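Let me begin by presenting the structure, written as structure tokens, before commenting on it.
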Amino acid sequence: MMDRFVRRPTGRPAYRAGRLFLRALGLLFALPCWLFWLLAILLLPISRPLVQFPLGLATIGGLFAGVLFARGGAWGDAASAIGLGLGAAVLLAVYTVVAEKIDPQFSRPTPWPPWWWYL
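Its first residue numbered 19, the sequence shown is counted upward by one per residue in our numbering.
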């Protein structure tokens, strides 16, 4: 609604309150996400031996046990072990993808000098 000689609208308080509510809601949602992302970045070097190595060992061990059980004829146990190995492989892949998103240098090996540098 406009007054006769006023060029600006008199204002819509409900519209402004809705926008203010959405901004506050966005901040309330963004702040925990940002804190979680910061925590993930800080804990990434610590999480590698605690997450990546056990998942890798579970993948290798599950698939190896599945092959051994299948050779012995225990097909139910073989299916369970292979399922466990494949599940661990999927979790390892997801962990690696998330870690690469956080730190692109995550999967690269530590650059060691060549052997002759130590001589």
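Yeah, the Cβ is synthetic: ideal placement off N, Cα and C, and Gly gets one too.
If you're wondering where the values come from, they're calculated on a predicted model, not measured in any experiment.
Non-local beta-carbon contacts of PHE124 in its own chain, meaning distances under 6 angstroms to residues more than five positions away in sequence, involve ALA117 and GLU118 in chain order.
For TYR113, the uninterrupted alpha helix (DSSP H) segment begins and ends at 93 to 120. GLY80 counts as buried, since no fewer than 16 other beta carbons sit within 10 angstroms of its beta carbon. Inclusion of ILE59 and ILE120 in the CB contact set at 7 angstroms is warranted, their separation being smaller than that value. Going by beta carbons, ALA96 and ALA107 fall outside the 7 angstroms limit. Put simply, the backbone Cα of ARG34 is about 21 angstroms away from that of ALA48. Contact holds between the region 98 to 114 and the region 69 to 78, because three or more Cβ pairs, one in each stretch, are under 8 angstroms apart.
Of LEU75, GLY90, TRP93 and LEU62, the smallest CA-CA separation from LEU104 is found for LEU75. Where VAL85 is concerned, the enclosing alpha helix (DSSP H) starts and stops at 71 to 90. When rounded, the separation of the alpha-carbon atoms in LEU61 and LEU137 is 36 angstroms.
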